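Chemist:
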Amino acid sequence: MSFRTGALLGLAFFLAGCGGGGSSSSGKHRVGLVFDLGGRGDKSFNDSAYEGVARAAKELGIEFDYIEPGDGADREAALRQLASSKDELIFGVGFLFTDDIALVAKDFPNKKFGCIDFAVNPNSKMPDNLVALKFREHEGSFLVGAIAGLVSKTNAVGFVGGMDIPLIHKFEAGFAAGAKAVNPKVKVLTGYAGVTGEAFKNPAKGKAISYSQIGQGADVIFHASGTTGLGVFEAAREKKIFAIGVDADQFSEAPGFILTSMLKRGDVAVYKTIEALLTGRFKSGVQEFGLAEGGVGYVYDANNKSLIPEAVVKRVEELKAKIVKGEIKVPAS
Amino acid sequence: MSGQWRKLGVQAGASVAAVAAAFAIGAVLMLLIGVNPGLVYARLFEGVVLNPYGVAQIFFKSTPLIFTGLAVALGFQAGLFNIGAEGQMLVGAFCAALAGFGLSMPAFLHVPVCLAAAFLGGMIWAAIPGALKIKTGAHEVITTIMMNFIAMALTSYFVVSRFHEPETVHTAAVAVTARLPRLEAFSSFFHGSPANATFFVALLACGVVSWLLWKMPLGYELRALGLSPAAAETAGIPVDRRALLAFAISGGLAGLAGTSFVLGYKHYFEDGFSAGAGFLGIAVALLGQNSPLGVVIAAFLFGGLSHGSLVINALVPKEIIEVLQALVIILVVVANQVSKRWAR
């Protein structure tokens, strides 16, 4: 009995002890983040977005909090939770937030919202306090295409797409344009894993397409296909050719065979949006992040330094500068 | 009579004490990871109980848990371990969505038809392990768990590859006639909350199950089966048929759990829409001592904790709430056993 009384008393004590406490009121700007289902530690999109707010906390002196929803029904609740707190700007990480964040933004007109990869619907107007953070994936793809075109010894490179949709066509178009820009003789082979969402999680199909492309001479293959790409890496390892990763640095998936990865920098989009808020330049609508904004890029570090000749990097950096200046227009389709 | 009240009082007191003890242990854990538990619990209390949105969230979160808790409880009453509520919920929700966007009819028909489709879907999914048990003796714990995996894989495949809207992982929206209204339509207290009229369907289901179990001869037979199959058989109860029926009703109830999301909230079936409500239903039934009223109370507690994990997520890892839920279950089981001895 005494233990129970003690436990209850202890609880009451804790509750009383912090009555006024709550959250700190240091006058700092506050930002909230709601993760996609993968949550922190996914080594991809969620972690990248987290890096963005963490960097803003360090360099811009903001405070932030975040929520990792347990299931799909929690996304809206999590957004509302943060919107009704002291947070001024709330991010949703991933296109799955599209419906929820548009709805919550309308209910909290005094707060700002940002959604990575928001699926813009041309038929419905976006709320004025919501920014859709999109990426010019074709620009990053152009650079890895150029690397592929320069590194290829067979003058044939491959592209493996997941689902056959406009979003993935952007990767293909950029990649092909980049390869041809540096190597007019190059042949670009393309294949898609399917026309449904399943096409993003079908490694067997990815491997089959890669084998067929390797059979036609390809010695560098770029994928934009989710986990279907794991099959591409598998084929690269077996046939000793190069693969190029996507979204995050995928070097560790097949060390020695991943030439580079096309990066989509969620952290940059998040950081820049916070910066815009602090300096009063927050803009709603669609914000695109390309090479000029540092929103896309490619990996060149200690891991893959030995795989890419320095002359290639030099050439690619020149191309990058031209794209940033607008001298090269990368096709998106 | 007074003895019975005393027993109830002791049991309720024991449950409350167990929950308090779980929170106390949780506080120690928080201290160990260097977080002030006072701050966490204050935020939890403020965000879940003192805030209208938090209270509304308890209604929303508890709705599927009432269904799955009721499903498991009814199974237990008949001596069956239905661990398959998760799969039955998914199949039921998918059937409700199919009926919702695939059929067109007036609202007074469409809503009941969708609810019936959900019930039927869950029922069929539960009848398979039920039939396997009475025909071959295959233990339902194993078969229902496996049926969960099959349901998860199949619904995921169908929603991602066959019935999805472009660039989403959900089905088309159900027709307007198939939708249940949100509670905010009745009271501004619920503004912004996805809590919806499915909650009343859940309460109705509790009433019906109570009536069935304790007022109907059929319920008497089911409970007899739960107490002793051998005695029930001797008394002339068709044991196999009743067990199959218990499976079917239990599965049907679990099948309704997803309708809160499909008919009342998002109006479509989405991959991973309510991960774990089926499994949590087992804990809800346990905590609620397999009685419909107990299930409602336990569902409120777990619904509150579930929303609470969002509220305090910024302060502590959400795993803390999962530890708390598990502690609540363990300590309630212990407290129940101990209090039974006291109450004698």
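Line order of the protein sequences matches chains A and B. Heads up: the first sequence begins at 1 in the working numbering, then just goes up one per residue. Heads up: the second sequence begins at 1001 in the working numbering, then just goes up one per residue. We put the beta carbon where it would ideally sit given N, CA and C, even for glycine. Remember, it's a predicted structure, so these values are computed and weren't measured experimentally.
At a Cβ threshold of 8 angstroms, is residue 1310 of chain B touching chain A?
Modeler: The residue labelled residue 1310 of chain B in the question sits at position 310 within the second sequence. Chain A, which has a Cβ nearer than 8 angstroms to the Cβ of residue 1310 of chain B, makes this yes.
Chemist: Could you tell me which whole alpha helix (DSSP H) segments of length 4 or greater appear in the segment 131-160 of chain A?
Modeler: Correct list: 137-151.
Chemist: Consult DSSP for residue 1133 of chain B and reduce its assignment to one of helix, strand or coil.
Modeler: The residue given as residue 1133 of chain B occupies position 133 in the second sequence. Residue 1133 of chain B falls in the helix class under three-state DSSP.
Chemist: Whole angstroms is fine: what's the gap from residue 25 of chain A's alpha carbon to residue 1030 of chain B's?
Modeler: Against the first sequence, residue 25 of chain A aligns to sequence position 25. Against the second sequence, residue 1030 of chain B aligns to sequence position 30. Note on residue 25 of chain A: pLDDT 47, under 50, position unreliable in the model; no value is reported.
Chemist: Give a yes or no on whether the C-beta atoms belonging to residue 319 of chain A and residue 308 of chain A are separated by under 8 angstroms.
Modeler: The residue you call residue 319 of chain A lines up with position 319 of the first sequence. The residue you call residue 308 of chain A lines up with position 308 of the first sequence. Not closer than 8 angstroms, so no.
Chemist: Comparing alpha-carbon positions, which option in B:1342, B:1231, B:1174, B:1289 lies nearest residue 1096 of chain B?
Modeler: On the second sequence, residue 1096 of chain B is found 96 positions in, with the first residue counted as 1. Measuring from the Cα of residue 1096 of chain B, the nearest candidate turns out to be B:1174.
Chemist: Assuming residue 223 of chain A is part of the beta strand (DSSP E), what are its boundary residues?
Modeler: Counted from its first residue, the first sequence places residue 223 of chain A at position 223. Run containing residue 223 of chain A: 220-224, per the beta strand (DSSP E) assignment.
Chemist: Going along the chain, which unbroken runs of the beta strand (DSSP E) with 3 or more residues stay wholly within the segment 227-282 of chain A?
Modeler: With a minimum length of 3 residues, the continuous beta strand (DSSP E) runs that stay inside the segment 227-282 of chain A are 242-247, 258-264.
Chemist: Quick one: give me the first and last residue of the beta strand (DSSP E) that residue 1177 of chain B is part of.
Modeler: What you label residue 1177 of chain B is simply residue 177 of the second sequence in a count that begins at 1. It is not in any beta strand (DSSP E) - residue 1177 of chain B carries neither H nor E in the DSSP assignment.
Chemist: Does residue 1161 of chain B get closer than 8 angstroms to chain A when you measure Cβ to Cβ?
Modeler: For the purposes of this step, residue 1161 of chain B is taken as residue 161 along the second sequence, with counting starting at 1. Yes, its Cβ sits closer than 8 angstroms to a Cβ of chain A.
Chemist: List, in chain order, every chain B residue whose beta-carbon is nearer than 9 angstroms to that of residue 37 of chain A.
Modeler: As a working note, residue 37 of chain A is residue 37 in the first sequence. Going along chain B in sequence order, the residues near residue 37 of chain A (Cβ under 9 angstroms) are 1272, 1275.
Chemist: Counting only C-beta atoms, is residue 968 of chain B closer than 8 angstroms to chain A at any point?
Modeler: Residue 968 of chain B cannot be examined here, being either before or after the span of chain B that is shown, 1001 to 1344.
Chemist: Does any C-beta atom of chain A lie closer than 8 angstroms to the C-beta of residue 1217 of chain B?
Modeler: As a working mapping, residue 1217 of chain B is identified with position 217 in the second sequence. No, its Cβ sits nowhere closer than 8 angstroms to a Cβ of chain A.
Chemist: Is the segment 1296-1308 of chain B in contact with the segment 1055-1071 of chain B, if contact means three or more CB pairs nearer than 8 angstroms?
Modeler: Yes, the segment 1296-1308 of chain B is in contact with the segment 1055-1071 of chain B.
Chemist: Could you tell me whether the segment 46-64 of chain A touches the segment 26-36 of chain A, where touching means 3 or more Cβ pairs closer than 8 angstroms?
Modeler: The answer is yes - the segment 26-36 of chain A touches the segment 46-64 of chain A, with three or more Cβ pairs under 8 angstroms.
Chemist: Between B:1113, B:1298, B:1049, B:1127, which has its C-alpha nearest residue 1080 of chain B's C-alpha?
Modeler: Position 80 of the second sequence, counting from 1, holds the residue named residue 1080 of chain B. For the residues B:1113, B:1298, B:1049, B:1127, the minimum Cα distance to residue 1080 of chain B belongs to B:1127.
Chemist: Between residue 1195 of chain B and residue 1056 of chain B, which are expected to be in contact by the criterion C-beta below 8 angstroms, what is the C-beta distance as a whole number of angstroms?
Modeler: Numbered from 1 along the second sequence, position 195 holds the residue referred to as residue 1195 of chain B. Numbered from 1 along the second sequence, position 56 holds the residue referred to as residue 1056 of chain B. With a Cβ gap of about 5 angstroms, residue 1195 of chain B and residue 1056 of chain B count as contacting.
Chemist: Can you check whether the C-beta of residue 1333 of chain B is within less than 8 angstroms of a C-beta belonging to chain A?
Modeler: Counting from one through the second sequence, the residue named residue 1333 of chain B turns up at place 333. So, not an interface residue.
Chemist: Could you tell me which uninterrupted alpha helix (DSSP H) segments, each at least 4 residues in length, are contained entirely in the segment 1313-1338 of chain B, listed from first to last along the chain?
Modeler: Correct list: empty.
Chemist: For the candidate residues A:316, A:104, A:304, A:92, whose alpha-carbon lies nearest to that of residue 114 of chain A?
Modeler: Taking the first sequence and counting its residues from 1, one reaches residue 114 of chain A at position 114. Cα-wise, what sits closest to residue 114 of chain A is A:92.
Chemist: Report the residue ranges of all beta strand (DSSP E) runs contained in full by the segment 64-118 of chain A; include only those spanning at least 3 residues, in chain order.
Modeler: Taking only runs of at least 3 residues, the beta strand (DSSP E) segments lying wholly in the segment 64-118 of chain A are 89-93, 112-116.
Chemist: If you measure between the beta carbons of residue 138 of chain A and residue 174 of chain A, is that distance less than 8 angstroms?
Modeler: Here residue 138 of chain A refers to the residue found at position 138 of the first sequence. Here residue 174 of chain A refers to the residue found at position 174 of the first sequence. It is a contact, given that the beta carbons lie within the stated cut-off.
Chemist: Return no unless some Cβ of chain A is closer than 8 angstroms to the Cβ of residue 1007 of chain B.
Modeler: Reading the second sequence from its first residue, position 7 is the one you call residue 1007 of chain B. By this cut-off, residue 1007 of chain B is not an interface position.
Chemist: Under 8 angstroms, with one C-beta from each stretch per pair, do the segment 136-151 of chain A and the segment 290-302 of chain A reach the 3-pair mark?
Modeler: Yes, they touch.
Chemist: To the nearest angstrom, how far is it from the Cα of residue 1190 of chain B to the Cα of residue 1181 of chain B?
Modeler: Sequence index remark: in the second sequence, residue 1190 of chain B carries index 190 (1-based). Sequence index remark: in the second sequence, residue 1181 of chain B carries index 181 (1-based). Going from the Cα of residue 1190 of chain B to the Cα of residue 1181 of chain B covers about 12 angstroms.
Chemist: Here's a check: name, in chain order, each residue in its chain whose Cβ is nearer than 6 angstroms to the Cβ of residue 1090 of chain B, leaving out the five neighbours to either side.
Modeler: Mapped onto the second sequence, residue 1090 of chain B falls at position 90. Once the five neighbours on either side are set aside, the close Cβ partners of residue 1090 of chain B are 1151, 1155.
Chemist: Give a yes or no on whether the C-beta atoms belonging to residue 1242 of chain B and residue 1227 of chain B are separated by under 8 angstroms.
Modeler: Position 242 of the second sequence, counted from the first residue, corresponds to residue 1242 of chain B. Position 227 of the second sequence, counted from the first residue, corresponds to residue 1227 of chain B. It is not a contact, given that the beta carbons lie outside the stated cut-off.
Chemist: How is the alpha helix (DSSP H) around residue 1088 of chain B delimited, first residue to last?
Modeler: Position 88 of the second sequence, counted from the first residue, corresponds to residue 1088 of chain B. Segment 1085-1102, the alpha helix (DSSP H) holding residue 1088 of chain B.
Chemist: Taking the alpha-carbon of residue 244 of chain A as reference, which of A:226, A:225, A:220 has the nearest alpha-carbon?
Modeler: Here residue 244 of chain A refers to the residue found at position 244 when the first sequence is read from its first residue. For the residues A:226, A:225, A:220, the minimum Cα distance to residue 244 of chain A belongs to A:220.
Chemist: Is DSSP giving residue 31 of chain A helix, strand or coil here?
Modeler: For the purposes of this step, residue 31 of chain A is taken as residue 31 along the first sequence, with counting starting at 1. In this structure, residue 31 of chain A counts as strand in the three-state DSSP scheme.
Chemist: Buried or exposed: where does residue 1086 of chain B fall if 16 or more other Cβ atoms within 10 Å of its Cβ makes it buried?
Modeler: To locate residue 1086 of chain B, count along the second sequence from 1; it is residue 86. Buried: at least 16 other Cβ atoms inside 10 Å.
Chemist: Between residue 1313 of chain B and chain A, is the shortest Cβ-Cβ distance under 8 angstroms, so that the two count as touching?
Modeler: Locating residue 1313 of chain B in the second sequence gives position 313, counting from the first residue. Yes - at least one Cβ of chain A is within 8 angstroms of the one on residue 1313 of chain B.
Chemist: Assign residue 1201 of chain B to one of three DSSP states: helix, strand, or coil.
Modeler: Residue numbering aside, residue 1201 of chain B sits at position 201 when the second sequence is read from its first letter. Reduced to three states, the DSSP call for residue 1201 of chain B is helix.
Chemist: Cβ of residue 330 of chain A within 8 angstroms of Cβ of residue 177 of chain A?
Modeler: For this step, residue 330 of chain A is matched to residue 330 along the first sequence. For this step, residue 177 of chain A is matched to residue 177 along the first sequence. Closer than 8 angstroms, so yes.
Chemist: For a contact meaning CB atoms closer than 7 angstroms, what does residue 137 of chain A contact in chain B?
Modeler: Along the first sequence, one-based indexing puts residue 137 of chain A at 137. Correct list: empty, because the minimum Cβ distance to chain B is about 15 angstroms.
Chemist: For the alpha helix (DSSP H) holding residue 205 of chain A, just list the boundary residues, first then last.
Modeler: For the purposes of this step, residue 205 of chain A is taken as residue 205 along the first sequence, with counting starting at 1. Unbroken alpha helix (DSSP H) run through residue 205 of chain A: 203-215.
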